[in-house]
Ligand code: SF4
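Okay, structure coming up:
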């Protein structure tokens, strides 16, 4: 595989807890902790996890919408720190974020033409009125909104959710980006139109050789849509690998829980994992493995030591003590034994 286009290296993001009560002073939400992830040209990587796992925060860190607490974001191997000004605009022209709810990402009183003209004038500076219109027509045609003039004079509320998501993809395309960060791009859409949007994103990824991060809570769609999958739990990545391997031979108990929670009547070989708890507080996350309060296989070691990523096969890793050579060391070898 070639070098990654965009990379998160050991990235951490803590948000301060704000509130009226003084008790919040100094406390932080551990939204993302020591996460590394690589995105490659022409390749889709799924980032899967339940709500609050930190996957959307990681997408926003890659987009430079938040400053990092620690770690590094690298574009073509070069560290970027571009949360404002010219550096941010340059980053945005290469890395485009597509949001979950298209209705929330458009000005309701601006026509589609006016919204797209603004994006075109930023990213195609120097083009005149007719040339801008030609670019807009092309962007809408590429996103299967044809004939384009049927859409340009409409306002967001006159389009369906699927059509508006295509317009938001067209707006992202105006920058000719090298990376798409698609944050739950189909979650708010009717099931009947999700496949069309995913197929469009896949076609654009292949035709334009862009790297794509596909953020989703739906692990079944990751298998269909993405070459690689990373599973995130409570601010940490717990399993990575080729999507086929992660979804068909899930190694981490949390990934197994996600898969057994996704209804798929055609599958009879799913390893059912009983969910025995709730996601933890990220203000004071559990010690050791953060999944241990919910894990039916938890051992004493899991409560005390954070598991490293164990390499299970080529490119397949899981952060779980079950894959250590000696999963449960003798009591005398445990870190609490003196
Ligand atoms: Fe479960 Fe322990 Fe593995 Fe964590 S490290 S997933 S608690 S077995």
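Numbering (the working numbering), first residue to last: 8 to 345. For each residue, glycine too, the CB sits at the ideal point set by N, CA and C.
Per-residue DSSP class, three states only, for residue i
{"i": "residue 77", "result": "strand"}
{"i": "residue 161", "result": "coil"}
{"i": "residue 1", "result": "Within the shown structure, residues of the chain are numbered from 8 to 345, placing residue 1 beyond reach of any answer."}
{"i": "residue 12", "result": "coil"}
{"i": "residue 116", "result": "coil"}
{"i": "residue 90", "result": "coil"}
{"i": "residue 101", "result": "helix"}
{"i": "residue 253", "result": "helix"}
{"i": "residue 109", "result": "helix"}
{"i": "residue 317", "result": "strand"}
{"i": "residue 224", "result": "coil"}
{"i": "residue 345", "result": "Note that residue 345 has pLDDT 40, beneath the 50 cutoff, so the model's placement of it is unreliable and the number below is only indicative. Of the three classes helix, strand and coil, the one that applies to residue 345 here is coil, per DSSP."}
{"i": "residue 199", "result": "helix"}
{"i": "residue 216", "result": "coil"}
{"i": "residue 24", "result": "coil"}
{"i": "residue 168", "result": "helix"}
CA nearest to the CA of residue i, picked from the options
{"i": "residue 38", "options": "102, 90 and 73", "result": "73"}
{"i": "residue 35", "options": "314, 292, 98 and 335", "result": "292"}
{"i": "residue 184", "options": "211, 191 and 194", "result": "211"}
{"i": "residue 15", "options": "64, 58 and 60", "result": "64"}
{"i": "residue 231", "options": "286, 52 and 333", "result": "52"}
{"i": "residue 336", "options": "246, 205 and 308", "result": "308"}
{"i": "residue 305", "options": "327, 165 and 129", "result": "327"}
{"i": "residue 108", "options": "102, 149 and 189", "result": "189"}
{"i": "residue 136", "options": "120, 149 and 147", "result": "120"}
{"i": "residue 316", "options": "310, 303 and 330", "result": "330"}
{"i": "residue 288", "options": "61, 44, 84 and 50", "result": "61"}
{"i": "residue 106", "options": "196, 33, 84 and 97", "result": "196"}
Residues near residue i in its chain [Cβ-Cβ closer than 7 Å; skip 5 each side]
{"i": "residue 122", "result": "113, 114 and 178"}
{"i": "residue 151", "result": "173 and 207"}
{"i": "residue 345", "result": "Note on residue 345: pLDDT 40, under 50, position unreliable in the model; the coordinate value appears next. Excluding positions up to five away in sequence, the list is empty."}
{"i": "residue 42", "result": "15, 18, 65, 243 and 244"}
{"i": "residue 203", "result": "169"}
{"i": "residue 318", "result": "324"}
{"i": "residue 20", "result": "38, 39, 64, 68, 73, 75 and 76"}
{"i": "residue 313", "result": "295 and 296"}
{"i": "residue 333", "result": "none"}
{"i": "residue 146", "result": "123, 177, 180 and 181"}
{"i": "residue 45", "result": "11 and 14"}
{"i": "residue 104", "result": "66, 70, 188 and 190"}
8 Å Cβ shell around residue i - same chain, five flanking residues per side excluded
{"i": "residue 48", "result": "9, 12, 185, 216, 217 and 218"}
{"i": "residue 118", "result": "159, 160, 161 and 162"}
{"i": "residue 229", "result": "53, 55, 221, 223, 236, 250, 253 and 254"}
{"i": "residue 101", "result": "82, 182, 184, 185 and 186"}
{"i": "residue 171", "result": "109, 110, 113 and 163"}
{"i": "residue 234", "result": "50, 51, 52, 249 and 250"}
Contact check, residue i vs residue j, beta carbons under 9 Å
{"i": "residue 95", "j": "residue 168", "result": "no"}
{"i": "residue 79", "j": "residue 240", "result": "no"}
{"i": "residue 5", "j": "residue 99", "result": "This structure cannot settle anything about residue 5, because the visible part of the chain is limited to 8 through 345."}
{"i": "residue 247", "j": "residue 148", "result": "no"}
{"i": "residue 182", "j": "residue 129", "result": "yes"}
{"i": "residue 322", "j": "residue 301", "result": "no"}
{"i": "residue 59", "j": "residue 260", "result": "no"}
{"i": "residue 144", "j": "residue 194", "result": "no"}
Sequence-distant residues of the same chain with beta carbon closer than 6 Å to residue i, five excluded per side
{"i": "residue 257", "result": "263 and 266"}
{"i": "residue 139", "result": "124 and 127"}
{"i": "residue 67", "result": "73"}
{"i": "residue 200", "result": "169"}
{"i": "residue 23", "result": "35"}
{"i": "residue 25", "result": "none"}
{"i": "residue 86", "result": "79"}
{"i": "residue 153", "result": "none"}
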